[in-house]
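A.B. asks: The opening residue of the sequence shown carries number 0 in numbering that gives the first Met the number 0; numbering runs sequentially from there.
We treat Cβ as the ideally placed atom computed from N, Cα and C, and that holds for glycine.
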Amino acid sequence: MAEVGGSYKSALSSQQEKELRDIAARILQPGKGILAADESTGTIGKRLASVNLENNEDNRRKYRQLLFTTPSFGQNISGVILYEETFNQSTEKGERFVDVIRRQGAVAGIKLDLGVVPLAGTLGEGTTQGLDGLAKRCEDFKKGGCDFAKWRCVLNIGSHVPSHVALLENANVLARYASICQQAGLVPIVEPEVLCDGEHSIERCQKVTEQTLAYTYKALSDHHVYLEGTLLKPNMVTPGQSCARKATPSEVGLATVTALRRGVPAAVPGIVFLSGGQSEIDATKNLNAINQVNGVKPWTLTFSYGRALQASVLKAWQGKNENISAAQKTLLHRAKANGDAQLGKYSGEDEAAAAATSLFVKNHAY
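Below, the structure is given as structure tokens:
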């Protein structure tokens, strides 16, 4: 084995490391989490269609403006993930969305991956593309006001998957992305999502999640990624959507924390969960249960939700100007509920039909 200083030198200066730590700390403030507003043009179109709105740039801009200009937006939201189109957009008054987000006290982030593509020779597995030219894109987004980034990989659970090649390839892609981000001063959110499609049990999901985390952190180590300047965005450990036996929040909490304890180094400052098609209420209940699990949890455990923060907001808005205030109040309500859950202090709420509806989408892609 080569001595440290032989084949290896520190990838970042102490100043670069401090900047990344500071950005992560701003995102991981108590009672706060991330709004994932990084849906691609196609995916946001499906959301707009649910309220009978045409998928055009102006409607997409109006909707994002509604979100980001919400009064007291930064009270429970500390970061926002943007899609590239949204990064380049401004309010109707001409203020860049990135500047609106920062003025609200939140950190602006950017989705960098270019989507999932098939892995030939596998049973329907894939990898994520977008590494070519990534360093230049990172530099440009940093100059434009972003301080963190996100890259999603997906793994399926089935009788013969995930395969070794899928686990290895996706882990290496995430590690390469994370390394490139850190060189440009962006905190990388590493997202190895184990999809909830299928009939598998919560025990099977826990095992595959542990396996996925093991591959991911081995790759991050191999690529000399500075863990203190990263965030993890994993799935919660739940039964498959088609599993006959559902799990209680306490069962999800214990299985999730157990998997994380076995696979995530304590050097990682925070874990920002994806909602993965859970209903808004379930996503909040399960996050609360995760934070109430007894024992050592060396990371901040919070949210990075898209659908679970936005579904009832869209329903409240319906594309009408007169509904903007009501929709913004709905966003604040959901953000506060999840902020309470991040502290393990969520006490429940009136489970309105909208917030209790499953948001599951088969083979979800964005």
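Which class does Ile270 belong to by DSSP, given the choice of helix, strand or coil?
C.D. replies: If DSSP states are grouped into helix, strand and coil, Ile270 belongs with the strands.
A.B. asks: Note the first and the last residue of the continuous alpha helix (DSSP H) segment covering Arg25.
C.D. replies: Run containing Arg25: 13 to 26, per the alpha helix (DSSP H) assignment.
A.B. asks: Name the residue from Ile188, Leu81, Thr283, Glu91 whose alpha carbon lies nearest to the alpha carbon of Gly144.
C.D. replies: Nearest of Ile188, Leu81, Thr283, Glu91 to Gly144, Cα basis: Leu81.
A.B. asks: Counting C-beta neighbours from all protein chains within 10 Å, is the total for Pro29 16 or more, i.e. buried, or is it exposed?
C.D. replies: When all chains shown are included, Pro29 counts as exposed.
A.B. asks: Of the residues Pro268, Ala282, Ile280, Ser274, which one's Cα is nearest the Cα of Pro297?
C.D. replies: For Pro297, the nearest C-alpha among the options comes from Pro268.
A.B. asks: Within 10 Å of its beta-carbon, does Pro238 have 16 or more other beta-carbons around it, so buried, or fewer, so exposed?
C.D. replies: Per the 10 Å Cβ criterion, buried.
A.B. asks: Should Ser39 be flagged as near chain D, meaning a C-beta pair shorter than 8 angstroms?
C.D. replies: Although the question refers to chain D, the structure presented lacks it and comprises just one protein chain.
A.B. asks: Please list, in chain order, all residues of the same chain as Leu65 whose beta carbon is under 7 angstroms from its beta carbon, the five residues on each side excluded.
C.D. replies: The residues are Trp316, Ile323, Ala326, Gln327.
A.B. asks: Flag Ala165 as yes when its Cβ comes closer than 7 angstroms to any non-hydrogen atom of the ligand PLP, and as no otherwise.
C.D. replies: With respect to small molecules bound, the structure shown includes none, and the ligand PLP cannot be examined in it.
A.B. asks: With DSSP run on the structure shown, which of helix, strand or coil describes Ile100?
C.D. replies: Here Ile100 sits in helix by DSSP.
A.B. asks: My understanding is that Ile100 touches Phe67, with C-beta atoms under 8 angstroms, so please give their C-beta distance in whole angstroms.
C.D. replies: Confirmed, about 6 angstroms.
A.B. asks: Use the C-beta contact count for His163: other C-beta atoms within 10 angstroms, 16 or more gives buried, fewer gives exposed.
C.D. replies: Looking at its Cβ environment, which holds fewer than 16 other Cβ atoms inside 10 Å, His163 is exposed.
A.B. asks: Going by the DSSP bridge assignment, what does Val189 pair with across the sheet?
C.D. replies: Val189 pairs with Trp150, Leu231.
A.B. asks: Give a yes or no on whether the C-beta atoms belonging to Ser77 and Val50 are separated by under 8 angstroms.
C.D. replies: Contact flag unset, no.
A.B. asks: Going by DSSP, what residue range makes up the beta strand (DSSP E) through Phe302?
C.D. replies: Run containing Phe302: 299 to 304, per the beta strand (DSSP E) assignment.
A.B. asks: Could you pull the start and end residues of the beta strand (DSSP E) that Lys245 belongs to?
C.D. replies: It is not in any beta strand (DSSP E) - Lys245 carries neither H nor E in the DSSP assignment.
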